[in-house]
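Trainee: I have a structure I would like to understand better, so I am pasting it below and will then ask my questions one at a time.
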């Protein structure tokens, strides 16, 4: 997202990722990366770039899912159509993992929390069930504010139990957990289900998604806990690569120099998590 937030499109982003030595890319289905806004030729070009550059799509982030639990049925259908297009595109890219963003929906003003919760469960179940026949893994993450349906790890556990499908998994965003004050130990309640994580920054009150190392996220402690809980074994069992993504940039916030953000973040990670590699 750091390149889209810097007004640099998906094609250039992929070339830059190769230059920096990355193999795995979490691809953002947003702006120039939104498959519903691409022509068939555009989609084929992105697929060719992945192949030619030797990149792998480790996760596709479905950014336009904020209204997945809307009380308006037409809006919910539109979001479902978007997610299905994203899932199909991830398969074209050679990946299997897709992420429902924004805490699986927001609690609307004037709509009961109970109704919104049921709509969120229904939407996640419908999509995960549709994905199951295609071998697609659906992931969801909490968003750390009161108006999001999934706003802490306990809500993640409840959603896993309510949907009860084997291809639904939690995604761990470290910056988000710093805001919700959930320490690495809290991951133990879902440790056997974790396949993927994001390293992101925070000032402990909002997810700034700034340059890694510029905030207060204790990401080494969370990564060590993920390793202790067996994330690599979980991924082997699921048949996917064990990837911890670097997440920078935020919709609506301009990034002045994406290359510098990536370069400085990699330097920080090299010093604080030397075992990780791009």
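Residue numbers (this note's numbering): 1 to 278. Backbone N, C-alpha and C define an ideal beta-carbon position, used for all residues, glycine too.
#1: Grab me the residues of residue 279's own chain with a C-beta within less than 6 Å of its C-beta, minus the 5 sequence neighbours each way, in chain order.
#2: In the DSSP assignment, what are the bridge partners of residue 262?
#3: Residue 120 lies in the alpha helix (DSSP H); which residues open and close that run?
#4: When the Cα of residue 11 is compared with those of 22, 47, 23, which residue comes out closest?
#5: Who does residue 59 pair with in a DSSP beta bridge?
#6: Quick one: residues in its chain with C-beta nearer than 8 Å to the C-beta of residue 55, no 5 flanking neighbours on either side, listed in chain order?
#7: Does DSSP put residue 197 in a helix, a strand or coil?
#8: To which residues of the same chain is residue 120 closer than 6 Å at the C-beta, ignoring the five residues directly before and after it?
#9: Please identify the residue among 242, 177, 134 whose C-alpha is closest to the C-alpha of residue 201.
#10: Quick one: using the 10 Å Cβ neighbour count with 16 as the cut-off for buried, is residue 39 buried or exposed?
#11: In chain order, what residues of the same chain lie with their CB nearer than 8 Å to the CB of residue 272, ignoring the 5 residues before and after it?
#12: Quick one: what's got a C-beta closer than 8 Å to residue 229's C-beta in the same chain, skipping five residues either side?
#13: In the DSSP assignment, what residue or residues form a beta bridge with residue 170?
#14: Quick check: what's the CA-CA separation for residue 236 versus residue 166?
#15: Would you mind giving the Cβ-Cβ distance between residue 275 and residue 198, rounded to the nearest angstrom? I have them listed as a contact below 8 Å.
#16: Can you tell me whether residue 253 is helix, strand or coil according to DSSP?
#17: Between the Cα of residue 238 and the Cα atoms of 99, 154, 112, 136, which residue gives the shortest distance?
#18: How is residue 88 classed by DSSP in three states: helix, strand or coil?
#19: Excluding the 5 residues preceding and the 5 following residue 248 in the sequence, name in chain order all residues of the same chain whose CB lies nearer than 6 Å to its CB.
#20: Terminal residues of the continuous alpha helix (DSSP H) containing residue 42?
#21: Taking the continuous beta strand (DSSP E) assigned at residue 156, which residues delimit it?
Mentor: Short version:
#1: The question about residue 279 has no answer, for the chain in this structure spans 1 to 278.
#2: DSSP output for residue 262 lists no bridge partner at all.
#3: Run containing residue 120: 113-132, per the alpha helix (DSSP H) assignment.
#4: 47
#5: 26
#6: 14, 17, 18, 22, 23, 24, 25, 49
#7: It is a strand residue.
#8: 69, 104, 105, 149
#9: 177
#10: exposed
#11: So the qualifying residues of the chain are 213, 219, 220.
#12: The answer, listed in chain order, is 187, 188, 191, 192, 194.
#13: 140
#14: 15 Å
#15: About 18 Å separates the two Cβ atoms, so there is no contact after all.
#16: strand
#17: The residue with the shortest Cα to Cα distance from residue 238 is 136.
#18: helix
#19: 2, 209, 261
#20: 40-53
#21: It is not in any beta strand (DSSP E) - residue 156 instead sits in the alpha helix (DSSP H) that spans 153-163.
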